[in-house]
Amino acid sequence: MSMNAPVPVLLVDDLPANLLALEGLLQRDDLVLLKAQSGEEALELLLQNDVALALLDVQMPGMDGFELAEIMRGSERTRHVPIIFVTAGSSDRQRRFRGYEAGAVDFIAKPIEPHVLRSKADVFFDLYCQRRQIATQCDELAASAVALRDADRAKDQFLAVLAHELRNPVAALMSGLDLLNRQRAPEQAEMIRGQMERMLFHLARLVEDLLDVSRISEGKISLKTGRIELKDVLLSAIEASRHNIDAAGHRLNVDMPSSAVWLEVDYTRLAQVVANLLNNAAKYTPAGGDIGLFAAADENWVEIRVSDNGVGIPADMQARIFEIFTQVENHRARAQGGLGIGLALVRRLVLLHGGSISVASEGQGKGSTFTVRLPTMRGQGEDIEQAPAVPKG
0 MSMNAPVPVL LVDDLPANLL ALEGLLQRDD LVLLKAQSGE EALELLLQND VALALLDVQM
60 PGMDGFELAE IMRGSERTRH VPIIFVTAGS SDRQRRFRGY EAGAVDFIAK PIEPHVLRSK
120 ADVFFDLYCQ RRQIATQCDE LAASAVALRD ADRAKDQFLA VLAHELRNPV AALMSGLDLL
180 NRQRAPEQAE MIRGQMERML FHLARLVEDL LDVSRISEGK ISLKTGRIEL KDVLLSAIEA
240 SRHNIDAAGH RLNVDMPSSA VWLEVDYTRL AQVVANLLNN AAKYTPAGGD IGLFAAADEN
300 WVEIRVSDNG VGIPADMQAR IFEIFTQVEN HRARAQGGLG IGLALVRRLV LLHGGSISVA
360 SEGQGKGSTF TVRLPTMRGQ GEDIEQAPAV PKG
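Residue numbering for the sequence shown follows numbering that gives the first Met the number 0, beginning at 0 and increasing consecutively.
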């Protein structure tokens, strides 16, 4: 229940006029007044509502106020509801003793003094609001504790993967140095140096991805935006990922807008986003697969889609695939040294550009489609000849 929700109060009296009088005395915007003319009707309301206070008439035909209070105290749901008896009869010691024994916290005699009723009722309304606030905070703390445990578990899994992935290139570099120290033939030495260069490049990419995620998380990365033509960004991304696509024998199908589409973006970072998606498609698609790069734009948005007919993403993982430290368990064999932070980095870069990213997959073995949406520049068709040159590199 929301902490700002109205406070429910139960009013029980067999006479409609008395109920109307109680309602008039307690009427407030932050209260919900539940009215019952019998004990049975009151019990039905208590089954449906958690009330802050019950004002019970003592003298009612059938089930009187004392009997109703005893039933309430015998139920786990209602045993803690404060009860104030409202009585027009004499309140001798024996009568009061029975009332307190039944679970009452107070008595109010008729005719009711308005300020007495309000001041006593306000105490229980405040207590109810405090209990509700504490319950809400407990729920939030419990949810936070679960989230922290999940994050800690994911972090531990990530660190295990990180240690494994960093150990491989380091071991390869150490082995290469050992071989070079044994004075191999020139052609063998050249081959070993080439392998070491590839391992160093891979190691540098892992470290750079880690640094990028850390910078974005700490708000230390800023975009160097400029007026950029979409086609140039896409061609740069294709060039950066072409080696991985060709190495696996994939077919790349490209569909771009025929007319210029101008964006206010960071050229390098947006090219990094698209290249990362293309590399992921190449990585998680069996050899000889199909990869698609589609782009379209209207007056306000550009949509970039990267699709493949690869291993796909299970439905239960699609909502979490952009979270840091997340990897699909049975995709690890195809990760090829990845740390599971690429899509988290992509998402954060897209959000920095004011855009959004989503994924669609029909499931295991049925491919995936990642869709990036970014705002276009207003008046993108005007003064194109004055646009600054697209940065390279």
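All C-beta atoms, glycine included, are put in the ideal place defined by N, C-alpha and C.
Computed from a predicted model, the values in this text were never measured in an experiment.
- In the DSSP assignment, the residues bridged to Asp254 are Phe293.
- Between the alpha carbons of Arg319 and Leu342 lies a distance of about 10 angstroms.
- Looking at the backbone, the Cα of His114 and that of Ile82 are separated by about 18 angstroms.
- Boundaries of the beta strand (DSSP E) harbouring Glu263: 261–265, taken from the DSSP string.
- Cβ contact annotation for Ala103 (same chain, cutoff 6 angstroms, sequence separation greater than five): Ile82, Phe84, in chain order.
- Around the C-beta of Gln271, 16 or more other C-beta atoms lie within 10 Å, and the residue is accordingly described as buried.
- Asp315: member of the alpha helix (DSSP H) spanning 314–317, first to last residue.
- Apart from sequence neighbours up to five positions away, the residues of its chain that approach Gly175 with a beta-carbon distance below 8 angstroms are Ile191, Arg192, Gln194, Met195, Met198, ordered along the chain.
- Restricting attention to Asp28, Asn48, Pro15, Gly64, the CA atom closest to the CA of Gly38 is found in Gly64.
- Beta bridge pairing from DSSP links Ile244 with no other residue.
- Ranked by how close their Cα comes to the Cα of Thr375, the residues Ile356, Ser360, His352 have His352 in first place.
- Annotated three-state conformation of Gly287 is coil, per DSSP.
- When secondary structure is reduced to three states using DSSP, Asp307 falls in the strand class.
- Between Leu292 and Leu234, the CB-CB gap reaches or exceeds 8 angstroms.
- Here Phe96 is exposed, its C-beta having fewer than 16 other C-beta atoms within 10 Å.
- Inclusion of Ala51 and Val8 in the CB contact set at 8 angstroms is warranted, their separation being smaller than that value.
- In the structure shown, the three-state DSSP call for Glu228 is strand.
- Rounded to whole angstroms, the gap between the alpha carbons of Pro285 and Gln317 is 20 angstroms.
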